[in-house]
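Using the working numbering, the letters of the sequence shown map in sequence onto residues -4 to 253.
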Amino acid sequence: MSSDILAGRTALITGGSRGIGLGIATAYRAAGANVVIAARKAAGLAEAREELLRTKGDGDVLTVVANAGEPDQAEACTAEAMDRFGRIDVLVNNAATNPYNGDLLDLDLPRAEKTVRVNQYGMIAWTRCAWRAWMAEHGGAVVNIASVGGLIVDPHIGYYNATKAAMLHMTRQLAYELGPKARVNAIAPGLIKTELARAVWEVREPILTEKLPLRRLGTVEDVANAALFLASDASSWMTGQALVLDGGATALPIGVEG
């Protein structure tokens, strides 16, 4: 794809101060877009902005402190983005939370509500804001960062995965509701080598990759490349779909662990 495929466009990325969100912002800026990154902590956003401005790209960078699970903050962030750039062509619903690990029957209501508020309702709230501010009239692309966990069973993060399964379904629902103006697609990554997930992959990487068809874990760049495709005109006839990026884990025969 051309290096300027997003030239003149503006992209808003939630959870954009680190990891996958920052990787996507980097790729979008390199492709010519202005980027708006939203996250909860001002210090992290300031560091992310400095990093983005050091990388290749002509687009401007706006940082906004916002909690993805607070609809009023989504509205404020969207308004600030519109004031600064006058458009929101791409929305990436990347922010997520997982405050609980364990069996479903031991899950308490406060942590269940927090997970749903950010992972499920947050996606609706931010999409609604971008739709009403720009996309309903001018079109655009929504990219939802779900998880391969939404397609499988896991012994530890079953409720988190359930919210990601809901995200995949809502991607299809919103594709139907927002077409033909806006396209809505999702990415379902497997285990990605981020700092946040370091405790999971660092010690066990050889074991985790031994049986994967591609023999490696995913990188932030892998997800960013997919997000760039979904935001660009290269995917102009694609909506309501989920790209699974898992190194082939879900292609393994039953009984073979990745």
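Glycine is no exception: its CB is placed at the ideal position from the N, C-alpha and C atoms.
Query	Result
Residue environment, Val215, which counts as buried when at least 16 other CB atoms sit within 10 Å	buried
Span separating the alpha-carbon of Gly253 from that of Pro201	With a pLDDT of 43 at Gly253, under the threshold of 50, the modelled position of that residue is not reliable, and the figure given next carries that caveat. Approximately 11 Å, taken between the alpha carbons.
Cβ separation of Glu190 and Gly14, assumed to be a contact under 8 Å, to the nearest whole Å	7 Å
Which of helix, strand or coil DSSP assigns to Thr92	coil
Nearest-angstrom Cα separation, counted from Leu209 out to Glu132	42 Å
Ile0 (DSSP reduced to helix, strand or coil)	coil
Gly10 classed as buried or exposed, judged by whether at least 16 other C-beta atoms fall within 10 angstroms	buried
Own chain residues within Cβ distance below 7 Å of Gly174, not counting five before or after	Thr234
Identity of the residues DSSP links to Thr58 by a beta bridge	Ile32
Alpha-carbon spacing of Ala125 relative to Ala69, whole angstroms	9 Å
Whole-angstrom distance between Arg127 and Asn264, CA atom to CA atom	Nothing about residue 264 can be reported from this structure: the residues present for the chain run from -4 to 253 only.
Closest residue to Lys51 among Ala71, Ala63, Ser(-2), Gly39 (Cα-Cα distance)	Ser(-2)
Inter-residue CB distance, Gly135 and Ile182 (contact presumed, cutoff 8 Å)	About 17 Å; that fails the 8 Å criterion.
For Ala170, the residue or residues it bridges with in DSSP	According to DSSP, Ala170 bridges with nothing at all.
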